[in-house]
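Note that the numbering used here numbers the sequence shown so that position 48 is 49, with each residue one more than the last. Glycine included, each C-beta is placed from N, C-alpha and C at the ideal position. As the structure is a computational prediction, the values presented were derived from the model and not from experiment. Okay, structure first, notes after.
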Amino acid sequence: MLNLQVTIDTNSGFCFGVVYAIEMAEDILDEQGYLYCLGDIVHNDEEVNRLENKGLRIINHDQLADLQNEKVLIRAHGEPPSTYELALKNNIELIDASCPVVLKLQNRIKNSYDRDDSIFIYGKHGHAEVVGLLGQTNNEAVVFQDLSELNPKDMPRRITLYSQTTKSTDKFYDITKKLKEEGIEVESNDTICRQVSNRDKELRLFAKRFDKIIFVSGSKSSNGKVLFNVCKETNPNTFFVSKVTDITPDWFATNETVGICGATSTPMWLMEEVRNAICKL
2 MLNLQVTIDT NSGFCFGVVY AIEMAEDILD EQGYLYCLGD IVHNDEEVNR
52 LENKGLRIIN HDQLADLQNE KVLIRAHGEP PSTYELALKN NIELIDASCP
102 VVLKLQNRIK NSYDRDDSIF IYGKHGHAEV VGLLGQTNNE AVVFQDLSEL
152 NPKDMPRRIT LYSQTTKSTD KFYDITKKLK EEGIEVESND TICRQVSNRD
202 KELRLFAKRF DKIIFVSGSK SSNGKVLFNV CKETNPNTFF VSKVTDITPD
252 WFATNETVGI CGATSTPMWL MEEVRNAICK L
């Protein structure tokens, strides 16, 4: 036995938007035994598998087009207007679990589009939330993941800037500053979820306290990649795991302290499983 002292970060785990979506799904699964969900309900394979075992059926947009007279859950990421139009046409009852922060952002972008603003969105190409945001602009807004994708000389002299809700606050303000330095007038809208952005500061404090950090996240989670790097920068002895079987005993030495933390899409039960496995080493 390595006699490891293992602590779970109490601030890690699902954000309120994901909690809301999963609670809605579980209520309907308990009632009718199955439920369609448009895309992975959360970017965590272990949690998706748990819910699929309860009757959740993950479908894509092509499959949605062939579906009629059913209930379909919209996850926290939100959807473009075209999804709602299709649901009306196919008599689909949408169980809308879109995060309130995302819905507010969609409305702000739609208002900007109606004013004919030149809209730029700092976000991940193809991410479900970003697809929903783009839909508010008839797919006319410019999405970029990094400033290097933009050529300031070819940009309008005045733009309206938004951000995917799970992006880094520091990076967003840095982008705003650099665009202004290029002579572009930027109407900057900080639309980043504070429950997510505050994790950055909390995790830096948490990661400093331990010999080793085990970061638990799904490999598809954008937020997970960002927060893992936050931990790694603070504590180089940080390791990424998606499931219990990813744990390598060689990472640890006798009597070390170990901190376990995760993304906003990481369920607490999975972090507890990881803790229990490490305690047995």
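Cutoff 6 angstroms; reference residue i; Cβ partners in own chain excluding five residues on either side
{"i": "residue 170", "result": "193 and 198"}
{"i": "residue 165", "result": "124, 130 and 131"}
{"i": "residue 229", "result": "216 and 241"}
{"i": "residue 265", "result": "16, 197 and 224"}
{"i": "residue 274", "result": "245"}
{"i": "residue 9", "result": "261, 272 and 276"}
{"i": "residue 55", "result": "30"}
{"i": "residue 127", "result": "none"}
{"i": "residue 154", "result": "none"}
{"i": "residue 238", "result": "213"}
Beta-bridge pairing of residue i - partner residues as DSSP gives them
{"i": "residue 58", "result": "37"}
{"i": "residue 95", "result": "73"}
{"i": "residue 163", "result": "122"}
{"i": "residue 186", "result": "159"}
{"i": "residue 275", "result": "Answer is none; residue 275 lacks a bridge partner."}
{"i": "residue 6", "result": "258"}
{"i": "residue 240", "result": "215"}
{"i": "residue 144", "result": "122"}
Close Cβ partners of residue i (< 8 angstroms) along its chain, the five nearest in sequence each way excluded
{"i": "residue 150", "result": "none"}
{"i": "residue 186", "result": "158, 159 and 160"}
{"i": "residue 172", "result": "123"}
{"i": "residue 27", "result": "52 and 55"}
{"i": "residue 280", "result": "5 and 7"}
Expected contact under 8 angstroms - CB spacing of residue i and residue j to nearest Å
{"i": "residue 7", "j": "residue 217", "result": "The Cβ separation is near 12 angstroms, so there is no contact."}
{"i": "residue 36", "j": "residue 58", "result": "7 angstroms"}
{"i": "residue 144", "j": "residue 18", "result": "Actually they do not touch by this definition, with Cβ atoms about 21 angstroms apart."}
{"i": "residue 263", "j": "residue 13", "result": "5 angstroms"}
{"i": "residue 80", "j": "residue 39", "result": "7 angstroms"}
{"i": "residue 5", "j": "residue 188", "result": "At roughly 51 angstroms, the Cβ-Cβ gap does not stay under 8 angstroms, so residue 5 and residue 188 are not in contact."}
Extent of the continuous alpha helix (DSSP H) to which residue i belongs
{"i": "residue 194", "result": "Taken as a continuous stretch (DSSP letters only), residue 194 belongs to no alpha helix (DSSP H), as it is neither H nor E."}
{"i": "residue 104", "result": "101-115"}
{"i": "residue 267", "result": "Looking at the DSSP string, residue 267 is not in any alpha helix (DSSP H), and its letter there is neither H nor E."}
{"i": "residue 320", "result": "Lying before the first or after the last residue shown, residue 320 is absent from the chain, which here runs from 2 to 282."}
{"i": "residue 83", "result": "82-90"}
{"i": "residue 173", "result": "170-182"}
{"i": "residue 134", "result": "129-136"}
{"i": "residue 49", "result": "46-53"}
7 angstroms Cβ shell around residue i - same chain, five flanking residues per side excluded
{"i": "residue 83", "result": "136"}
{"i": "residue 176", "result": "123 and 148"}
{"i": "residue 235", "result": "205, 208 and 209"}
{"i": "residue 227", "result": "169"}
{"i": "residue 231", "result": "201, 204 and 205"}
Span of the beta strand (DSSP E) around residue i
{"i": "residue 225", "result": "No beta strand (DSSP E) holds residue 225; the alpha helix (DSSP H) holding it covers 223-235."}
{"i": "residue 215", "result": "213-217"}
{"i": "residue 210", "result": "Segment: none, residue 210 is in no beta strand (DSSP E) and carries neither H nor E."}
{"i": "residue 258", "result": "258-263"}
{"i": "residue 253", "result": "Element bounds for residue 253: n/a, residue is neither H nor E."}
Contact the stretch 171-189 vs the stretch 136-144: 3+ CB pairs below 8 angstroms
Flag = no, the stretch 171-189 and the stretch 136-144 do not touch.
Quick check: the stretch 218-231 against the stretch 30-46, are at least 3 beta-carbon pairs closer than 8 angstroms?
By the Cβ criterion, the stretch 30-46 is in contact with the stretch 218-231, since at least three pairs of Cβ atoms, one from each stretch, lie closer than 8 angstroms.
Check whether the stretch 68-82 touches the stretch 11-31, counting contact only when three or more Cβ pairs, one atom from each stretch, lie closer than 8 angstroms.
Put simply, the stretch 68-82 touches the stretch 11-31. At least three CB pairs are less than 8 angstroms apart.
Could you say if the stretch 112-125 and the stretch 89-100 meet the contact criterion of at least three C-beta pairs nearer than 8 angstroms?
Cβ pair count under 8 angstroms is below three, so no.
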